[in-house]
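Counting from 8, one number per residue, gives the positions in the sequence shown under my numbering. C-beta: ideal position from N, C-alpha, C; glycine also. All remarks here apply to the structure that follows.
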Amino acid sequence: MLAAAAMCATTDPAAGLDSVLAGLHVGEWPEPDPRPGWTTIRVRAAGVNHHDLWTLRGVGIPQERLPVVLGAEAAGTDEDGCEVIVYPVIGDPYAGGGDETLDPACAYLSVDHDGTFAERVAVPAHCVVPKPPELSWTEAACLPGAWLTAYRMLFERAGLEPGATVLVQGAGGGVSSALVILGAAAGHRMWVTGRDPGRRARAVRLGADRAFEPGAQLPDRVDAVMETVGAATWEHSLKSLRPGGRVVVAGATSGALAQVDLARVFYLQLSVVGSTMGTRDQLARLAAFCVRTGVRPVVDRTLALADAATALGELARGTVFGKVVLEP
Ligand SMILES: NC(=O)c1ccc[n+]([C@@H]2O[C@H](COP(=O)([O-])OP(=O)(O)OC[C@H]3O[C@@H](n4cnc5c(N)ncnc54)[C@H](OP(=O)(O)O)[C@@H]3O)[C@@H](O)[C@H]2O)c1
């Protein structure tokens, strides 16, 4: 048996936070079944994501998959003692035209298979990349979800040239803080919006050129907008783009249904581009980028696995800046 934090019951997606967290069980869990081609990772640190909250709310997970161990991010040691970062997407790159996230049969840790909020997690042997020694366990555990998503949004999906101006909606989220740090390190001019003055100031200290209140008129139109907030910021995102600009959307924390001014989209020839996670190769390049540039994830706090409910509660209340990491 091992210790794990698992979701055992779905709740009404609109339920209050206390009843959502009541679906979480932290306790003993069966060891992963040995399977050919899979390896068991001893988890040293596991990043917490908004995705874990969605799962707890019953969004994106079929009832028949429950109970399931939460957690899509981890760093740990493999069966040979090698230090690795877990890649949570289980897909065939060939079936996805060279991109495993586009494999129609692609599966995810914490949805289709038990996740990383556990002392040990089983993954296909190819679903790891070496952890650079320069990164701590907690830093490495933040890369496979939020940071990989930010990396792909900025460096693949946004189609930006060096020196571009980029607006990030949301100042202190796991993905938004990664976008600011990565974009600034790559030489882009990063602008952010944030609801709280303290969080806006912190984003500037991380490398944002300027920080604005949500919905503020910007000094100039931007080349691209990075969207993970959704309905609350969508209209502002489209209005902030220069003609020919691009909004890259990877999340919708405040709601996924938003009105679109189609005339603005075609008249200004805007592009709306979706983005989800990244490839295993991109995860390896992201780790190398961190080593070369010296940038690191912002870890708000590290908690014990037993405190998983506290971690998820803080994330839901919006009091976390950057990432929360669990240590089994
Ligand atoms: N497609 C993918 O592969 C992928 C990967 C990772 C995450 N996501 C999604 O992206 C979203 C963010 O994930 P995360 O882990 O970064 O979450 P998080 O750490 O909880 O961050 C939430 C962010 O949303 C902003 N926000 C929340 N509600 C808002 C509102 N009503 N108005 C304005 N801003 C609001 C916050 O900005 P403030 O700084 O102003 O508080 C913060 O930046 C989630 O919906 C998640 O499911 C998708």
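Proximity test, residue i beta-carbon vs ligand 1 heavy atom, cut-off 8 Å
{"i": "residue 289", "result": "no"}
{"i": "residue 336", "result": "Here the chain comprises residues numbered 8 to 335, so residue 336 is not present and cannot be evaluated."}
{"i": "residue 244", "result": "no"}
{"i": "residue 223", "result": "no"}
{"i": "residue 261", "result": "yes"}
{"i": "residue 4", "result": "There is no way to answer for residue 4, as the model of the chain reaches only from 8 to 335."}
{"i": "residue 145", "result": "no"}
{"i": "residue 295", "result": "no"}
{"i": "residue 327", "result": "yes"}
{"i": "residue 32", "result": "no"}
{"i": "residue 284", "result": "yes"}
{"i": "residue 203", "result": "yes"}
{"i": "residue 120", "result": "no"}
{"i": "residue 133", "result": "no"}
{"i": "residue 61", "result": "yes"}
Rounded Cβ spacing between residue i and residue j (contact assumed at less than 8 Å)
{"i": "residue 145", "j": "residue 309", "result": "6 Å"}
{"i": "residue 125", "j": "residue 76", "result": "5 Å"}
{"i": "residue 207", "j": "residue 231", "result": "At roughly 20 Å, the Cβ-Cβ gap does not stay under 8 Å, so residue 207 and residue 231 are not in contact."}
Option nearest residue i by Cα separation, candidates the options
{"i": "residue 62", "options": "151, 13 and 257", "result": "13"}
{"i": "residue 173", "options": "46, 237 and 215", "result": "215"}
{"i": "residue 175", "options": "136, 217, 152 and 194", "result": "217"}
{"i": "residue 114", "options": "127, 88 and 67", "result": "67"}
{"i": "residue 94", "options": "272, 22, 224 and 78", "result": "78"}
{"i": "residue 211", "options": "130, 188, 323 and 83", "result": "188"}
{"i": "residue 155", "options": "227, 130, 181 and 139", "result": "181"}
{"i": "residue 333", "options": "166, 27 and 82", "result": "82"}
{"i": "residue 44", "options": "37, 64 and 134", "result": "134"}
{"i": "residue 137", "options": "335, 290, 300 and 329", "result": "290"}
Min CB distance residue i to chain B below 9 Å
{"i": "residue 72", "result": "No chain B is present in this structure, which holds just one protein chain."}
* Any chance you could list the alpha helix (DSSP H) runs of at least 4 consecutive residues sitting entirely within the region 232 to 288, in chain order? => 241 to 247 and 269 to 274
* Contiguous alpha helix (DSSP H) assignments of at least 4 residues, all confined to the region 106 to 168 -> DSSP runs (the alpha helix (DSSP H)) wholly in the region 106 to 168: 144 to 148 and 155 to 159.
* Asked: Which full runs of the alpha helix (DSSP H) of 4+ residues lie inside the region 28 to 84, going along the chain?
  -> 57 to 63
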